[in-house]
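This report refers to the structure that appears directly beneath it.
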Amino acid sequence: MKKERKRSAVNRREDGIAYLVLIIFLVFSLFPIYWMLNTSLKSNAEIYEKVPTFFPREIRVDAYKRLLFETGFPRALWNSVLIASVVSLMTIFVSMLASYAITRTNLKGRFFMSRCVLYTYLLPRTMLFIPLYMLAVKLGINNSLFGLGIIYPTFTIPYAMWMLIAYFKTVPKEVEEAAVIDGCGPWKLMFQVFFPLVVPGIVSTLIFCFTLCWNEYLYSLIMINDSAFKTFPTMLSELIVDDIFAWAPLMAGSLISCIPILVVYTFSSKNLTGGFTDGSVKG
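Take the sequence shown: its position 241, counting from 1, is numbered 240 in numbering that gives the first Met the number 0, and each next residue is one higher.
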């Protein structure tokens with residue numbers, strides 16, 4: 000009995016330490032978000048005080064009114080949602096097929112192509128935006144969302160393929176061999192047997208592709224001049240004039256721009272913990 004009591008006491012102590020560490024990390028993680036909210040609700044005079052205040056003396060929503068009704072931020076936010084959604088879905092579809100061909104077939108030169116994907120992913124975007132801009136101008140697709148939809152896959156597809164190639168290699172080939180014996184054709188084997196097994200990897204890669212497009216600034220800044228087609232990062236940057244920072248609207252816009260990412264993570268979280276057993280058993 001004494002040993003059990005000692006064990007329970009030790010377990011409670013360890014749980015308490017674990018919860019304390021988690022709370023500390025949670026506070027550090029959420030503090031920037033709180034500070035954005037705190038700053039967005041302050042007046043300019045209170046923001047520029049020498050001693051920062053952790054709670055607004057007077058809650059003001061002027062920053063949100065200015066951002067939503069006096070700027071093109073709502074349209075820019077919709078542009079970002081549209082381009083990030085379309086590009087990430089297109090990227091995943093193309094990368095799934097290409098990664099499957101590289102990892103699960105006897106395609107000649109597949110190892111060379113796998114290395115090329117890695118080298119392409121490692122290239123800095125700052126080396127590519129000038130030739131990509133010149134190409135977009137020659138094709139007449141600059142200053143349009145369609146142009147961004149063509150440019151963004153140059154960095155999302157290599158990333159998605161590299162992630163999916165590594166993920167697809169973890170699936171045992173015995174499952175596919177059993178499906179072939181049962182009479183599965185190539186397309187049925189991919190979409191009804193193999194891909195359901197790797198749903199967590201596909202969803203996590205989709206989320207990261209969406210995030211890459213969502214936060215992209217450089218290509219959007221170079222390609223888009225018309226305010227009707229700008230994405231939210233470039234629209235927010237216009238709130239900085241010379242050395243004057245509109246901190247309250249900037250923080251309000253940054254806070255609002257976090258919402259779509261949170262929604263994507265929330266609705267996708269259930270697919271991140273399952274999928275390995277789906278489709279592996281014959282029904």
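Built from N, CA and C at the ideal position, the CB exists for glycine as well.
Its Cα nearest to that of leucine 217, the residue Thr125 stands out among Leu249, Thr125, Glu175, Leu235. Below 8 angstroms, enough C-beta pairs join the region 161–179 and the region 196–213 to call them touching: three or more. Contact annotation: methionine 95 and leucine 254 have beta-carbon atoms that are not nearer than 7 angstroms.
Just so you know, the alpha carbons of proline 171 and tyrosine 18 end up roughly 38 angstroms apart. Judged by DSSP secondary structure, arginine 56 falls outside any alpha helix (DSSP H); it is assigned neither H nor E.
For threonine 204, the uninterrupted alpha helix (DSSP H) run begins and ends at 198–214, by DSSP.
Counting the other CB atoms within 10 Å of its CB gives alanine 83 a total of 16 or more, which places it among the buried residues. The bridge partners DSSP lists for isoleucine 243 are Val240. Unbroken alpha helix (DSSP H) runs of no fewer than 4 residues, entirely contained in the region 12–85, are found at 43–46, 61–68, following chain order.
A residue is called buried when at least 16 other Cβ atoms come within 10 angstroms of its Cβ; phenylalanine 111 does not meet this threshold and is exposed. A distance below 7 angstroms separates the beta carbons of phenylalanine 228 and leucine 144. Using a Cβ-Cβ distance cut-off of 8 angstroms, the region 242–257 and the region 55–62 are in contact, since at least three pairs of beta carbons, one from each stretch, lie closer than that value.
Relative to leucine 40, the option among Phe24, Pro31, Ile58 whose CA is nearest is Ile58.
A straight line joining the alpha-carbon of isoleucine 91 with that of isoleucine 23 spans about 36 angstroms. The shortest C-alpha to C-alpha distance from leucine 188 to any of Val198, Pro199, Glu176 is the one to Glu176.
Ranked by Cα distance from isoleucine 221, the options Val263, Asp181, Met133, Lys49 are led by Met133. Under the DSSP assignment, lysine 137 falls in the alpha helix (DSSP H) whose first and last residues are 128–138.
One thing to note: valine 86 has its Cβ within 7 angstroms of the Cβ of tyrosine 151. A distance below 8 angstroms between beta-carbons, with the five flanking residues on each side excluded, links asparagine 10 to no residue of its chain. Alanine 97 counts as buried, since at least 16 other C-beta atoms from the protein chains shown sit within 10 angstroms of its C-beta.
Rounded to whole angstroms, proline 31 and asparagine 141 show a C-alpha spacing of 35 angstroms. Rounded to whole angstroms, the separation of the alpha carbons of glycine 182 and isoleucine 258 is 46 angstroms. If you draw a straight line from the Cα of threonine 155 to the Cα of serine 42, it comes to about 40 angstroms. Counting along the chain, threonine 104 sits inside no alpha helix (DSSP H), nor does DSSP assign it H or E at all. Counting the other CB atoms within 10 Å of its CB gives proline 157 a total of 16 or more, which places it among the buried residues. Counting the other Cβ atoms within 10 Å of the Cβ of glycine 146 gives 16 or more, which makes it buried.
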